[in-house]
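Those letters in the sequence shown? Residues 1290 to 1529, per this note's numbering, in order.
C-beta: ideal position from N, C-alpha, C; glycine also.
Note that this is a predicted model, so its numbers are computed, not measured.
Here the structure is laid out as structure tokens; the discussion comes afterwards.
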Amino acid sequence: MTATTKARILIVEDEQDLAEGIRENLHDEGYESEVIGDGEAALARALEEDFDLLLLDVMLPGLDGFTICERIRQAGRDVPVLFLTARGALDDRLRGLGAGGDDYLPKPFHLGELLARIEAILRRRLWLKRSAAGSVLSFGDNQIDLATREVKAWDGAHFELTTREAGVLAALAAEPGKTVTRETILEKVWGRDLLPSTRAILTIIESLRSRLEREPEAPRHLHTVRGVGYRLSLEPEDPQ
């Protein structure tokens, strides 16, 4: 699968005309897709099949889109989610991203914008897969398989990173010892047009430090370069 063709997309939308219009346009662009208009049925389908992307309305019969996304993430599935909704308020956008969504497109929208968002999400996921392929990252007695996101930590703990945690590490690991700007990380992991500020990166860095650093408050591997970005040191360095 390339970033823009042959992806399988599940359209979860109860407005039938809109859903069919999206499906037809996706077909014209080379995507495979199917439509479901009920929240409960959509959750079951998303958990039983391996889709490359979910287009997920928020206001649905059965289960709302936020709940569907949360349950998919709780089940350990990292399929990208693009929310489609008439609710464009900032709080709703933040809730969607907090639930594990990858992007958020308020209605009404132009189909060209929808296609651009889909392509951007798939490109980011393809970048992550290629960056992680065969890559085991080692530092501070941590062993991290970026492809599977599985971690054996310095203290013997075993856990799985989120997709974005793995993405941030992959972006830093691509240039070990060098400073990677916040803007570069945002573009690679979230996308240039997405809502999160640089605070979103810091939240993930803090989460990684809490599990991968022996002293999270005095990190020796995951360094902040003030005013610029972050740097991964494979060998321990004194706190900055």
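Contact defined as beta carbons within less than 8 Å: I believe residue i pairs with residue j. What is the distance between those atoms, to the nearest angstrom?
{"i": "His1510", "j": "Glu1502", "result": "6 Å"}
{"i": "Val1324", "j": "Arg1312", "result": "6 Å"}
{"i": "Arg1334", "j": "Leu1371", "result": "Arg1334 to Leu1371, Cβ: 16 Å. No contact."}
{"i": "Gly1429", "j": "Trp1443", "result": "6 Å"}
Residue i to residue j, Cα distance in whole Å?
{"i": "Arg1297", "j": "Lys1418", "result": "17 Å"}
{"i": "Gly1319", "j": "Leu1307", "result": "19 Å"}
{"i": "Ala1463", "j": "Asp1341", "result": "25 Å"}
{"i": "Ile1494", "j": "Thr1513", "result": "9 Å"}
{"i": "Leu1426", "j": "Glu1304", "result": "45 Å"}
{"i": "Asp1391", "j": "Ile1410", "result": "7 Å"}
{"i": "Ala1364", "j": "Glu1337", "result": "11 Å"}
{"i": "Met1290", "j": "Asp1367", "result": "Confidence at Met1290 is low in this model, with a pLDDT of 48, below 50, so its placement is unreliable and no value can be given for it."}
{"i": "Glu1439", "j": "His1447", "result": "7 Å"}
{"i": "Pro1465", "j": "Arg1362", "result": "30 Å"}
{"i": "Trp1416", "j": "Leu1344", "result": "20 Å"}
{"i": "Arg1384", "j": "Glu1359", "result": "10 Å"}
{"i": "Thr1293", "j": "Asn1314", "result": "Any reading at Thr1293 must be qualified, since the residue scores a pLDDT of 48, below 50, and its modelled position is unreliable; the value itself is stated next. Their Cα atoms are separated by approximately 13 Å."}
{"i": "Gly1299", "j": "Ala1388", "result": "Before going further, note that residue 1299 is Leu rather than Gly in the sequence given. For Leu1299 and Ala1388, the distance between alpha carbons rounds to 18 Å."}
Just list the residues that DSSP pairs residue i with in beta bridges.
{"i": "Val1514", "result": "Gly1518"}
{"i": "Leu1404", "result": "DSSP, once it has assigned bridges, lists no residue as partnering Leu1404."}
{"i": "Lys1441", "result": "Gln1432 and His1447"}
{"i": "Val1301", "result": "Ile1325 and Leu1345"}
{"i": "Pro1395", "result": "Thr1374"}
{"i": "Val1425", "result": "Asp1434"}
Mind checking which residues open and close the beta strand (DSSP E) that includes residue i?
{"i": "Thr1470", "result": "Thr1468 to Thr1470"}
{"i": "Phe1372", "result": "Val1370 to Thr1374"}
Which residues bound the alpha helix (DSSP H) around residue i?
{"i": "Leu1453", "result": "Checking the displayed sequence, the identity of residue 1453 turns out to be Arg instead of Leu. Arg1453 -> alpha helix (DSSP H) spans Thr1452 to Ala1462."}
{"i": "Phe1355", "result": "Gly1354 to Gln1363"}
Q) Hey, is the stretch 1422-1434 in contact with the stretch 1394-1414, meaning 3+ C-beta pairs nearer than 8 Å? A) no
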